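Protein sequences appear in the order of chains X and R. If you're matching positions, the first sequence starts at 30 in my numbering and goes up one per residue. If you're matching positions, the second sequence starts at 30 in my numbering and goes up one per residue.
Protein chains: 2
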Amino acid sequence: MSNTSSHVPDAQQVKSFLLGLQQNICQRLELLDGKATFKADSWEREEGGGGTSRVLTQGQVFEQAGVNFSHVMGAAMPASATAHRPELAGRSFEAMGVSLVIHPNNPFIPTTHANVRFFIARKEGADPVWWFGGGFDLTPYYPFKEDVVSWHQTAKDICDPFGEDVYPKYKKWCDEYFFLPHRNETRGVGGLFFDDLNEPGFERSFEFMQAVGNGFIEAYAPIVERNKELEYGDDERQFQLYRRGRYVEFNLVYDRGTLFGLQTGGRTESILMSMPPLVRWEYAFTPEEGTAEAELYDIYLKPQDWLAAV
Amino acid sequence: MSNTSSHVPDAQQVKSFLLGLQQNICQRLELLDGKATFKADSWEREEGGGGTSRVLTQGQVFEQAGVNFSHVMGAAMPASATAHRPELAGRSFEAMGVSLVIHPNNPFIPTTHANVRFFIARKEGADPVWWFGGGFDLTPYYPFKEDVVSWHQTAKDICDPFGEDVYPKYKKWCDEYFFLPHRNETRGVGGLFFDDLNEPGFERSFEFMQAVGNGFIEAYAPIVERNKELEYGDDERQFQLYRRGRYVEFNLVYDRGTLFGLQTGGRTESILMSMPPLVRWEYAFTPEEGTAEAELYDIYLKPQDWLAAV
């Protein structure tokens, strides 16, 4: 692969995009909430770099929303990152990204997570090695088919300009990644997940990452708008708190980003901003047959081709 | 090491003890609670063995208490168990134990965990390899010095007949094991932790395991009795829910037993019985200086020689 202009990565350009993205998403979420605003916390990392966490709590619509920007660097790739890419050992690295998790009050609005990131590994006398990654996924408690279809349709619309194989490939990757083997359940209804994106060159890869980053709020906002006024009672709230336990289980047991962060001395409060503000566990809970709760397990927590019937 | 009679392990004898221990602890906890009773759930494991989970919920004193007995076996040691003991690869194994976690309602009563276990690995034509492990630890929210001292004094009294180095050694092991590096905190005020116990022979090792198993409730019951009538308000309850988050973080990110169980197809509901019934996370919470909450962090969540001043 020749080092053509389209393969020269421009980290500064990516950083500008990410900072703008964080800003835009926070503004849109504040508009959707209509009451609470984001508070920002900047932090620095001893080994290099830092970030800004923005957190909105106790909103009208959102119980908690956290939108993190981080840009960290180091003289040597962490061991956990070179385990499956030994050719990168000994390189210096730079990583930047925006990562968000939103926990709504209303159990009829799904929880969601999105992330876009850029990684670059450098060595004197060699071309830099770089890649993009990211995606978004949706975790409903009381799913509406319409929401799940519109979510996946937006994901597909984002992907299609980049090739017709892109949506199916990254949709499948998402289903496989956000899966809890010990529960034999998906975390939710999926979305997109991609990593190691480098092949089409820097410009095209960056365009795709921008499309995913910008597309997230377009996929999520209509679902919030449609459901935020729906009335719910204590039963739905209790089920939401119970299901949030699965989110905790996934993030603490399996999520590579969370574990990588915790085990390499990342900023704990920013990493664990993904934890739900209130969570419940219940021994041996099983939903009653024929209920909305059972429908979640029977239909929505198994990978499906949501656009098949459209 | 000769295969003397004291080195012949009697798994059946250990099993009888463990079943009796589960029974005794549940009875004592029911007496302490004064209202709720344990419900039992027996389960079988496809690869061999099974267990009985006993769970008490929504008691007067205990919000949730789970006391598990399990006895599992397999034709080949799991890879994760032979990583640091390669000489055991290819052996069949048998593992049995009692494990419990208690989450009280009242924030003035500490959460606690205890476990005793026996492991045996067999190969035709060779002596079996076996060992005991276990311990107990205490996680207060609003600690009283008297409780922490009595807890450790009981632990020391259990250990002393087995040698004066036993308590300091296993107390230290506990502090080191129940530690959250990403928070730079201990999980609580510790207690005892031991593993790979085999050296003094089967009979003596088994005696020590029995002493720890039987001693747990003698260490915990007086603390419950002293504090169960103490009045508390919503602030204390909220802090308790927040601190329970640390318990979740430890068990899902670090606890070897939990991860081993989840990743080897153990019974999820029994393993995650350790999760608190209700938990809260709060971004960037810091206790105010001079409060009881700050005292927990400043004094109790750092390893200390609790019996030094006695």
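Virtual Cβ for every residue (Gly too), placed ideally from N, Cα, C. Since the structure is predicted, the reported quantities are computational estimates derived from the model, not experimental observations.
- Message: I'd like to know if residue 211(X) contacts chain R, where contact means its C-beta is closer than 8 Å to some C-beta of that chain.
- Response: Yes, contact with chain R.
- Task: Kindly say whether residue 305(X), judged by its beta-carbon, lies nearer than 8 Å to any beta-carbon of chain R.
- Result: True, the Cβ-Cβ gap to chain R drops below 8 Å.
- Query: Going by the CB atoms, is the gap between residue 303(X) and residue 130(X) shorter than 8 Å?
  - Reply: Closer than 8 Å, so yes.
- Task: Can you tell me which of 94(R), 106(R), 212(R) and 164(R) puts its alpha carbon nearest to the alpha carbon of residue 134(R)?
- Result: Closest option to residue 134(R), Cα to Cα, is 94(R).
- Message: Just to check my reading of the structure: residue 217(R) and residue 306(R) have Cβ atoms closer than 8 Å, yes? What is that Cβ distance to the nearest angstrom?
- Response: The Cβ separation is near 18 Å, so there is no contact.
- Query: First and last residue of the alpha helix (DSSP H) that includes residue 266(R)?
  - Reply: First-last of the alpha helix (DSSP H) with residue 266(R): 263–278.
- Item | Assumed close pair residue 164(X), residue 223(X) - CB separation to whole angstroms, cut-off 8 Å | Rounded to the nearest angstrom, the Cβ distance from residue 164(X) to residue 223(X) is 6 Å, consistent with a contact under 8 Å.
- Query: Since residue 96(X) meets chain R, which of its residues come closer than 7 Å, beta carbon to beta carbon?
  - Reply: What residue 96(X) touches in chain R: nothing, since even the nearest Cβ is about 12 Å away.
- Message: Mapping the DSSP letters down to three states, classify residue 238(R) as helix, strand or coil.
- Response: Helix, per DSSP.
- Message: Looking at chain X, is there any beta carbon in it that lies within less than 8 Å of the beta carbon of residue 86(R)?
- Response: Yes, its Cβ sits closer than 8 Å to a Cβ of chain X.
- Task: Please name the residue or residues paired with residue 10(R) in a DSSP beta bridge.
- Result: No answer is possible for residue 10(R): it lies beyond the span of chain R, which begins at 30 and ends at 339.
- Task: Can you grab the Cα-Cα spacing for the pair residue 68(X) / residue 56(X), in whole Å?
- Result: Between residue 68(X) and residue 56(X), the C-alpha separation is close to 12 Å.
- C-alpha distance - residue 330(X) paired with residue 195(R), whole-angstrom precision: Between residue 330(X) and residue 195(R), the C-alpha separation is close to 49 Å.
- Query: Checking contacts by CB at 8 Å: is residue 264(X) closer than that to chain R?
  - Reply: With respect to chain R, the C-beta atom of residue 264(X) has no partner C-beta closer than 8 Å.
- Query: Hey, is the segment 243–250 of chain X in contact with the segment 177–194 of chain X, meaning 3+ C-beta pairs nearer than 8 Å?
  - Reply: Between the segment 243–250 of chain X and the segment 177–194 of chain X there are three or more inter-stretch CB-CB distances shorter than 8 Å, so the stretches are counted as touching.
- Task: Tell me whether residue 320(R) is buried or exposed, calling it buried when 16 or more other Cβ atoms sit within 10 Å of its Cβ.
- Result: Classification for residue 320(R): exposed.
- Assigned secondary structure, residue 33(R) (DSSP; H/G/I helix, E/B strand, else coil): With a pLDDT of 44 at residue 33(R), under the threshold of 50, the modelled position of this residue cannot be trusted; read the value that follows with caution. When secondary structure is reduced to three states using DSSP, residue 33(R) falls in the coil class, being assigned neither helix nor strand.
- Under the three-state DSSP convention, the category residue 204(X) falls into: The answer is helix: DSSP assigns residue 204(X) an H, G or I state.
- Message: Using a Cβ-Cβ distance cut-off of 8 Å, determine whether residue 23(R) contacts chain X.
- Response: This structure gives no information on residue 23(R), because the portion of chain R shown stretches from 30 to 339.
- Query: For the putative contact between residue 171(R) and residue 317(R), defined by C-beta atoms under 8 Å, what is the C-beta separation to the nearest angstrom?
  - Reply: About 15 Å; that fails the 8 Å criterion.
- Item | Rounded Cβ spacing between residue 126(R) and residue 146(R) (contact assumed at less than 8 Å) | Correct: roughly 3 Å between the Cβ atoms.
- Task: Can you grab the Cα-Cα spacing for the pair residue 280(R) / residue 156(X), in whole Å?
- Result: Cα to Cα, the separation comes out at about 42 Å.
- Just tell me which of 81(R), 100(R), 45(R) and 92(R) has its CA closest to the CA of residue 61(R). When C-alpha distances from residue 61(R) are compared across 81(R), 100(R), 45(R) and 92(R), the shortest belongs to 92(R).
- Message: Distance cutoff 8 Å, beta carbons only. Does residue 340(X) sit that close to anything in chain R?
- Response: This structure cannot settle anything about residue 340(X), because the visible part of chain X is limited to 30 through 339.
- Task: Please decide whether residue 33(X) counts as near chain R, where near means a Cβ-Cβ distance under 8 Å.
- Result: The pLDDT assigned to residue 33(X) is 44, lower than 50, so where the model puts this residue is not dependable; a value taken from the coordinates is nonetheless given after this. At a cut-off of 8 Å between C-beta atoms, residue 33(X) does not count as an interface residue with respect to chain R.
- Leaving out five residues on either side along the sequence, give the residues of the same chain with a beta carbon under 6 Å from the beta carbon of residue 142(R). The answer, listed in chain order, is 130 and 166.
- Report the residue ranges of all beta strand (DSSP E) runs contained in full by the segment 157–192 of chain X; include only those spanning at least 3 residues, in chain order. Fully enclosed beta strand (DSSP E) runs of 3 or longer: 158–168.
- Query: Taking the beta strand (DSSP E) that residue 78(R) falls in, what are its first and last residues?
  - Reply: Element bounds for residue 78(R): 78–86.
- Helix or strand or just coil, what does DSSP make of residue 112(R)? Taken through DSSP and simplified to helix, strand or coil, residue 112(R) comes out as coil.
- Message: Taking DSSP's pairing of strands, which residues face residue 68(X) in a bridge?
- Response: Residue 68(X) pairs with 84(X).
- Residues of chain X with CB under 7 Å from residue 297(R), in chain order? Ordered by position in chain X, the residues that pass the 7 Å Cβ test against residue 297(R) are 211 and 212.
- Message: Between the alpha carbons of residue 267(X) and residue 37(R), how many angstroms are there, rounded?
- Response: Their Cα atoms are separated by approximately 52 Å.
- Query: In chain X, what lies closer than 7 Å to residue 278(R) by C-beta?
  - Reply: Here the neighbours are 281.
- Using 8 Å as the limit for Cβ to Cβ distance, is residue 112(R) near chain X? Not closer than 8 Å to any Cβ of chain X, the Cβ of residue 112(R) fails to qualify, so no.
- Message: Just to make sure I have the definition right: I need the residues of chain R whose C-beta is within less than 8 Å of the C-beta of residue 302(X). Which are they?
- Response: Near residue 302(X) (Cβ distances below 8 Å), the residues of chain R are 312.
- Task: Give a yes or no on whether the C-beta atoms belonging to residue 237(R) and residue 191(R) are separated by under 8 Å.
- Result: It is a contact, given that the beta carbons lie within the stated cut-off.
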